[in-house]
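Encoded as structure tokens, the structure appears first; notes follow it.
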Amino acid sequence: MISRVQKKDSSQVSIHAEETQPGELLLKVSGRLDATTTGGVWREAMLGIGRVSPKHVVVECSGIRYCDISGIGFFMEIGRRQQRRNGTFEIEGLQEEFRQLLDLFDPEKLETKPPQAKVNLVEQFGTVSYGAWQEIKGLIAFLGQLSVSLVSAAKHPRSVRWKDGFRAAEKHGADALPIVALVSFLVGLIMAFQSAIPMRQFGAQIYVANLVALSMLRELGPLMTSLILAGRTGSSFAAELGTMKVREEIDALITMGLEPVRFLVVTRVVAGFFMTPLLAVFADLMGVAGGGVVMLSLGFSLETYYHQVIGAVTYGDFLGGLAKSFAFGLIVASIGCARGLQTGVGAAAVGESTTKAVVTGIILIIVADGIFAVIYYSLGI
57 MISRVQKKDS
67 SQVSIHAEET
77 QPGELLLKVS
87 GRLDATTTGG
97 VWREAMLGIG
107 RVSPKHVVVE
117 CSGIRYCDIS
127 GIGFFMEIGR
137 RQQRRNGTFE
147 IEGLQEEFRQ
157 LLDLFDPEKL
167 ETKPPQAKVN
177 LVEQFGTVSY
187 GAWQEIKGLI
197 AFLGQLSVSL
207 VSAAKHPRSV
217 RWKDGFRAAE
227 KHGADALPIV
237 ALVSFLVGLI
247 MAFQSAIPMR
257 QFGAQIYVAN
267 LVALSMLREL
277 GPLMTSLILA
287 GRTGSSFAAE
297 LGTMKVREEI
307 DALITMGLEP
317 VRFLVVTRVV
327 AGFFMTPLLA
337 VFADLMGVAG
347 GGVVMLSLGF
357 SLETYYHQVI
367 GAVTYGDFLG
377 GLAKSFAFGL
387 IVASIGCARG
397 LQTGVGAAAV
407 GESTTKAVVT
417 GIILIIVADG
427 IFAVIYYSLG
437 I
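91 is the number that the working numbering gives to position 35 of the sequence shown; each next residue is one higher, with no gaps.
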């Protein structure tokens with residue numbers, strides 16, 4: 057039995073399908089296979105294969121004078137369909153230059169995978185738990201390396217690239233001063249306005265100064281500063297080290313006998329550790345200044361506001377917030393560097409590391425803040 061499916065265009069391409077014997081289909085293709093002509097040949101070939109359902113397909117290509125990626129896709133689709141029906145596929149007479157292009161592709165990788173079975177809740181929980189455990193193990197290992205490097209830097213301070221540390225302190229600390237000042241000022245101003253409304257009902261608007269000062273010094277100053285730095289400094293550290301990882305610069309350092317943590321991370325962590333408290337102090341001042349603007353608008357004098365703030369806060373409140381800022385700064389810088397060194401390969405790897413650095417940094421900052429709150433409550437601070 058012979059079945060013919062034919063499409064001809066003397067100037068472009070022609071295809072002839074013939075069932076040479078039961079279960080075997082011969083496709084003779086000649087002419088030019090490009091983005092313009094391949095579509096018609098593709099349809100005719102699929103119709104012939106669907107009509108005959110052959111176990112073996114032979115494509116005779118000796119008449120093909122040009123073939124680009126569209127033609128290669130045509131051949132790959134025939135091979136994929138034969139794989140799906142457990143059939144075989146063969147190409148004959150294809151010119152060597154086109155054969156080399158075809159050899160770049162693996163039909164098995166182009167095979168459409170069947171939809172995966174739905175994963176139940178227990179499996180999902182297990183997968184998420186395992187992934188979280190791997191993340192924790194990676195962070196613990198990095199913390200150990202960082203601790204050893206910091207101790208070594210303390211014993212041998214001349215081995216530290218302090219110029220890089222000062223540059224990082226300026227770029228990621230001092231340059232963040234404007235945004236920290238603006239956000240803190242607005243937070244203090246908004247908090248004062250919001251608290252003045254309920255305080256007015258009891259004639260206690262003067263205590264707005266107490267609320268703003270205590271909130272900024274004990275909590276909001278260090279917290280807002282660290283959150284801003286997590287989105288600014290932490291992401292910057294992750295992007296810088298991630299780009300170096302993708303460009304294999306980290307591997308080059310290891311090849312030269314230089315430890316990436318000691319060479320790249322220590323200076324950034326030290327800069328973040330010392331710059332965050334300074335920014336937090338400035339944030340405290342700007343937040344209190346924002347509250348002062350509101351108090352002036354409510355009719356209180358600046359001197360009254362000043363004495364109310366001085367009487368409300370103590371050195372313990374200030375030092376408690378300052379201790380938080382040291383811890384938050386260490387978290388922001390460490391997590392940013394850790395995520396940067398964990399960057400994978402590919403165009404999206406740096407973006408993923410940056411996102412993970414910001415998210416992980418914010419989560420750990422909130423967790424650490426909760427731990428500080430419990431400790432301060434237990435100590436009566």
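For every residue, glycine included, the Cβ atom is placed at its ideal position computed from N, Cα and C. These figures come from a predicted structure and were not determined experimentally.
The three-state reading of DSSP puts Thr416 in helix, counting H, G and I together. Taking the Cβ atoms as the reference, Gly347 lies roughly 7 Å from Leu245, within the contact range of under 8 Å. In the structure shown, Phe356 falls within a coil segment according to DSSP collapsed to helix, strand and coil.
Under the criterion of beta carbons closer than 8 Å, Ser282 and Val388 qualify as touching, at roughly 6 Å. Contact annotation, Gly417 with Ala286: C-beta distance approximately 4 Å; criterion of less than 8 Å satisfied.
With a cutoff of 8 Å on beta-carbon distance, Glu133 and Lys84 are scored as not near each other. Counting along the chain, no beta strand (DSSP E) covers Gln250; the unbroken alpha helix (DSSP H) around it starts and ends at Leu233 to Gln257. Inter-residue distance for Phe319 and Cys393 is about 12 Å (C-alpha atoms, whole angstroms). Closest option to Pro78, judged by alpha-carbon separation, among Met102, Glu152 and Val108: Val108. Excluding its 5 nearest sequence neighbours in each direction, Pro234 has no C-beta neighbour in its own chain below 6 Å. Contact between Asp124 and Ala91 holds, with the beta-carbon distance rounding to 7 Å and staying under 8 Å.
For Phe293 and Ala265, the gap between their C-alpha atoms comes out near 37 Å.
Taking C-beta separations shorter than 6 Å and ignoring five residues to either side along the sequence, the partners of Leu150 in its chain run Cys117, following chain order. In this structure, the straight-line span from the alpha carbon of Gly182 to that of Asn176 is close to 10 Å.
A straight line joining the alpha-carbon of Gly119 with that of Arg141 spans about 28 Å. By the criterion of a C-beta distance shorter than 7 Å, Ile437 is surrounded in its chain by Gly372 and Gly376, once the five residues flanking it on both sides are discounted. Straight through space, the alpha carbons of Ala345 and Ala260 are spaced by roughly 20 Å. Between Thr94 and Phe131, the C-beta gap is not smaller than 8 Å, which leaves the two residues out of contact.
A distance below 6 Å between beta-carbons, with the five flanking residues on each side excluded, links Ala336 to the following residues of its chain, in chain order: Gly277, Pro278, Thr281 and Ser381. Bounds of the alpha helix (DSSP H) holding Ala294 are Ser291 to Val302. DSSP places Val108 in the uninterrupted alpha helix (DSSP H) bounded by Thr94 to Val108. Beta-bridge partners of Gln151 (DSSP): none assigned.
Listed in chain order, the non-local C-beta contacts of Ala224 below 7 Å within the same chain comprise Thr323, Arg324 and Ala327, local neighbours out to five positions each way being set aside. For Thr144, the secondary structure class from DSSP, reduced to helix, strand or coil, is strand. Residue ranges of uninterrupted alpha helix (DSSP H) with 4 or more members, entirely inside the region 335 to 382 and ordered along the chain, are 358 to 368.
Inclusion of Gly194 and Met272 in the CB contact set at 8 Å is not warranted, their separation being larger than that value. Counting the other Cβ atoms within 10 Å of the Cβ of Glu296 gives 16 or more, which makes it buried.
Going by beta carbons, Lys301 and Thr399 fall inside the 8 Å limit. Distance from the CA of Gly355 to the CA of Leu238, rounded to the nearest whole angstrom, comes to 24 Å. Listed as beta-bridge partners of Arg136 by DSSP are no residues whatsoever. Under the three-state reduction of DSSP, Val114 is assigned to strand. Using a 10 angstroms sphere on the CB of Gln180, the tally of other CB atoms stays under 16, which defines it as exposed. Here the alpha carbon of Ile310 sits roughly 36 Å from the alpha carbon of Asp425.
Less than 8 Å divides the Cβ of Leu81 from the Cβ of Ile105.
For Gln201, the uninterrupted alpha helix (DSSP H) segment begins and ends at Leu177 to Lys211. For Leu314, the secondary structure class from DSSP, reduced to helix, strand or coil, is coil.
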